[in-house]
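**Q**
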Amino acid sequence: MRTRRNRLGLVALVVLLAFALTTTAFAAAEDPTELTGTKYVECPDCGTLGVVLSEEGEAVPCETCADSGYVGYIQSPSHFFNTIWSLLPPVIAIALALITKEVYSSLFIGILVGGLLHSNFSFEGTVTHAFNDGIVASLSDSYNVGILIFLVILGAIVCLMNKAGGSAAFGRWAQKNIKTRVGAQLSSIVLGCLIFIDDYFNCLTVGSVMRPITDKHNVSRAKLAYLIDATAAPVCIIAPISSWAAAVAAFAEDGQGLNLFIRAIPYNFYALFTIVMMVGLVVMNVDFGSMAKFERNAVENNDLFSGSNPYAGVDEEINENKGSVLDLVLPIVVLVVACVIGMIYSGEFFLPGSDGYHDFVVAFSNSDASVGLMLGSAFGLVFAIIYYLVRRALSFREIMGCIPEGFKAMVPAILILTFAWSLKSMTDSLGAKYFVRDFVRSASGIQVLLPVIVFAVGCLLAFATGTSWGTFGILIPIVQNVFSMDNPLAIICISACMAGAVCGDHCSPISDTTIMASAGAQCDHVNHVSTQLPYAISCAVIAGIAYLVAGVLASVGAPGLIALPVGIALMVGFLFVMKGRAANT
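By the working numbering, the letter at position 278 of the sequence shown is numbered 297, and the numbering carries on one by one without gaps.
(1) Rounded to a whole number of angstroms, what is the C-alpha to C-alpha distance between S527 and W488?
(2) Would you call the stretch 204-216 and the stretch 158-172 in contact, with 3 or more CB pairs under 8 Å?
(3) Whole angstroms is fine: what's the gap from E314's alpha carbon to M297's?
(4) Let's see if you can read the secondary structure: which residues bound the beta strand (DSSP E) around Q94?
(5) Measuring only the C-alpha atoms, how far is L323 from C558?
(6) Which residue marks the beginning of the beta strand (DSSP E) containing V70, and which one marks its end?
(7) Which partner residues of V60 appear in the DSSP bridge assignment?
(8) Using the three-state DSSP reduction, which class does A183 fall into: helix, strand or coil?
(9) Identify, in the order they occur along the chain, each residue of the same chain with its Cβ nearer than 6 Å to the Cβ of Y453, setting aside the five sequence neighbours on each side.
(10) Considering only the alpha carbon of each residue, which of I529, A311, K182 and W104 lies closest to L115?
(11) Leaving out five residues before and five after T41 in sequence, what residues of the same chain have Cβ atoms less than 6 Å from its Cβ?
(12) Please look up how many angstroms separate the CB atoms of S429 and L243, rounded, as I've assumed it's under 8 Å.
(13) In angstroms with no decimal places, state the Cα-to-Cα distance between G592 and A187.
(14) Once the 5 residues before and after S386 are set aside, which same chain residues still bring their CB inside 6 Å of it?
(15) Between the C-alpha atoms of C542 and A536, what's the straight-line distance to the nearest angstrom?
(16) Does the beta-carbon distance from L347 to M517 come in below 8 Å?
(17) Does the Cβ of I281 have 16 or more other Cβ atoms within 10 Å, making it buried, or fewer, making it exposed?
(18) Suppose the cutoff is 8 Å on Cβ atoms and the five residues either side in sequence are ignored; what does the same chain contact list for M597 look like?
(19) Please check the pair L392 and I534, which I expect to be a contact at CB under 8 Å, by giving their CB distance rounded to whole angstroms.
(20) Looking at E61 and G88, is the spacing between their C-beta atoms short of 8 Å?
(21) Any idea what DSSP makes of V164, helix, strand or coil?
(22) So F215 and C255 are in contact, right, with Cβ under 8 Å, and what is the actual spacing, rounded?
(23) Which term fits R240, buried or exposed, when burial requires 16 or more other beta carbons within 10 angstroms of its beta carbon?
(24) Could you tell me which of G570, S95 and A555 sits nearest to A509, measuring between CA atoms?
(25) Evaluate the contact criterion for the stretch 405-423 versus the stretch 140-158: three or more CB pairs, one atom per stretch, below 8 Å.
(26) Return helix, strand or coil for A78, following the three-state DSSP convention.
(27) For a test of the three-state rule: what should DSSP assign to G391, helix, strand or coil?
(28) Determine the burial state of P431: buried for a count of at least 16 other Cβ atoms within 10 Å of its Cβ, exposed for fewer.
(29) Going by DSSP, what residue range makes up the alpha helix (DSSP H) through D234?
(30) Confirm, please, whether the CB-CB distance from I587 to V295 is below 8 Å.
(31) Using a threshold of 8 Å, state whether the C-beta atoms of G10 and I197 are closer than that.
(32) What does a CB cutoff of less than 6 Å around G599 pick up in its chain, not counting 5 residues either side in sequence?
(33) Please say whether I511 and Q451 have beta carbons closer to each other than 8 Å?
(34) Mapping the DSSP letters down to three states, classify C84 as helix, strand or coil.
(35) Would you call G134 buried or exposed, if buried means 16 or more other Cβ atoms sit within 10 Å of its Cβ?
This is the structure:
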């Protein structure tokens with residue numbers, strides 16, 4: 020059976036390769052990377068400028084790209100650039116992670132495969148590209164470093180809240196006021212929806228607050244991780260004031276990004292259906308796939324993990340009798356406020372003469388999530404330290420001890436993020452985004468099917484690369500080039516870009532948001548991915564049907580929004596069917 024599946028997969032790869040090679044050029048541009056089938060990359064010496072500084076400080080022509088045919092560009096040294104083989108590293112990493120249940124080695128092997136393909140199987144080239152251009156470059160990137168600092172600081176704040184007894188106090192309060200498993204899960208959903216400014220912040224904050232409550236009601240960590248993940252990216256992508264809205268605004272052309280984002284919200288079927296599905300699963304008390312086994316073990320055997328707990332070594336010694344709910348709530352409220360202020364600060368809200376000066380929406384759309392969250396969390400940590408010292412909840416020595424403990428708690432997430440970013444660098448160096456772009460361009464003649472095609476391509480690209488924002492950057496400009504924004508299909512396809520990116524991000528084990536959800540719930544990462552996948556795929560299928568309906572309706576002049584209630588009805592019907600099947604087993 021396995022041999023047959025491998026053959027079918029090979030045939031599929033060959034068909035896709037043949038399809039890609041037979042596509043015609045969509046548009047010619049001065050930038051050679053815009054050409055269909057391009058083999059060009061930016062010149063590493065002059066960075067598209069065509070000139071470099073001599074030793075005397077004078078601008079002289081760049082010799083590296085002088086004979087390449089395009090000033091500022093050179094041909095990629097890899098024979099596999101912009102071919103279907105560029106998707107091989109993430110495919111291998113994902114397959115190994117799901118088969119071996121071991122994510123670190125799987126990601127590292129994927130990085131090595133990317134190095135092999137980029138260097139044309141040269142040993143020295145593989146090692147230098149994988150480490151210098153992959154791991155080291157990822158850890159040298161200022162955006163990535165900001166996210167890692169945010170993680171460490173947040174880990175320290177969570178450790179402080181636990182040591183001070185805030186989490187235990189909240190757990191005691193919740194035990195009195197949240198009396199059912201359904202209530203615990205709905206509380207997680209509501210909190211996740213309220214923290215919509217950023218998916219990273221959402222994942223770790225909701226996890227740290229709700230873990231004690233869901234644990235007391237025997238909700239499996241895998242189910243908590245799903246609830247966290249389903250209220251992270253799917254909520255952020257329909258919230259106009261969020262780091263995701265800022266990302267979409269940045270990728271869109273002509274400065275109309277935020278307007279496009281708001282117009283696209285009602286058509287973001289995957290995000291909307293995910294919220295409907297999540298609430299339906301909890302209220303109807305239905306689970307299917309491997310999640311049903313995890314939930315059954317939690318309820319019947321008090322086994323929240325159904326396997327390994329990678330966070331078992333984290334020190335969480337808590338005095339159950341000390342602390343108050345305020346010790347948890349107040350630091351989190353200050354953290355949220357500080358992060359919002361940090362976001363608008365990075366968007367130049369306080370800088371006189373800038374576009375974002377005293378304009379919250381513009382400043383937020385121009386914000387840098389890495390800078391904003393890093394600065395906000397730093398101020399949040401300072402407040403937490405002063406607050407616990409003044410309250411005498413913790414001694415100074417205990418507070419300082421929480422900082423390395425918080426770092427230790429985030430080590431699994433930091434390791435996976437580092438490898439995931441490095442793997443993305445490998446796929447970028449192989450021109451995976453150009454291969455996917457050419458595939459989408461080749462389908463531009465099938466107008467009615469384009470929304471569902473864009474959605475499917477967005478899913479695959481985000482799944483393979485682990486980045487939804489990178490998927491926005493590739494697909495949104497393409498859709499804007501294919502359609503006039505006056506065309507009703509344009510907004511539907513823009514939404515399909517965002518929905519597909521979120522779906523792929525939701526499914527991918529190398530996605531940073533998926534990794535954060537595992538860290539927030541302190542759940543084994545592979546368990547989270549394998550239990551969430553059936554839910555995400557089911558939702559994706561219904562969203563795909565909705566995009567097909569929307570495309571047909573828009574092409575005949577009918578409102579494409581009719582597809583939204585159709586999809587919701589399909590989702591509710593699907594949940595009733597799954598509940599009936601579960602009752603019969």
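Positions of the beta carbon are idealized from the N, C-alpha and C atoms, including for glycine. Note that this is a predicted model, so its numbers are computed, not measured.
**A** Let's see:
(1) 14 Å
(2) no
(3) 15 Å
(4) Y92 to Q94
(5) 25 Å
(6) V70 to L72
(7) I93
(8) coil
(9) T57 and N101
(10) I529
(11) Note that T41 scores 33 on pLDDT, short of 50, meaning its location in the model is unreliable; the coordinates nonetheless yield the value given after this. If we look at T41 and ignore the five residues flanking it on each side, it has no Cβ neighbours.
(12) It should be pointed out that residue 429 corresponds to Met in this sequence rather than to Ser. In fact, because the Cβ distance is near 18 Å, the residues do not count as touching under 8 Å.
(13) 40 Å
(14) A265, M362, S365 and G366
(15) 8 Å
(16) no
(17) exposed
(18) V305 and F307
(19) The Cβ separation is near 16 Å, so there is no contact.
(20) no
(21) helix
(22) 6 Å
(23) buried
(24) G570
(25) no
(26) strand
(27) helix
(28) buried
(29) D218 to K235
(30) yes
(31) Any question about residue 10 goes unanswered here, given that the chain covers just 20 to 604.
(32) none
(33) Position check: residue 451 holds Ala in this sequence, whereas Gln was assumed. No; because the gap between Cβ atoms is not below 8 Å, this pair is not in contact.
(34) coil
(35) buried
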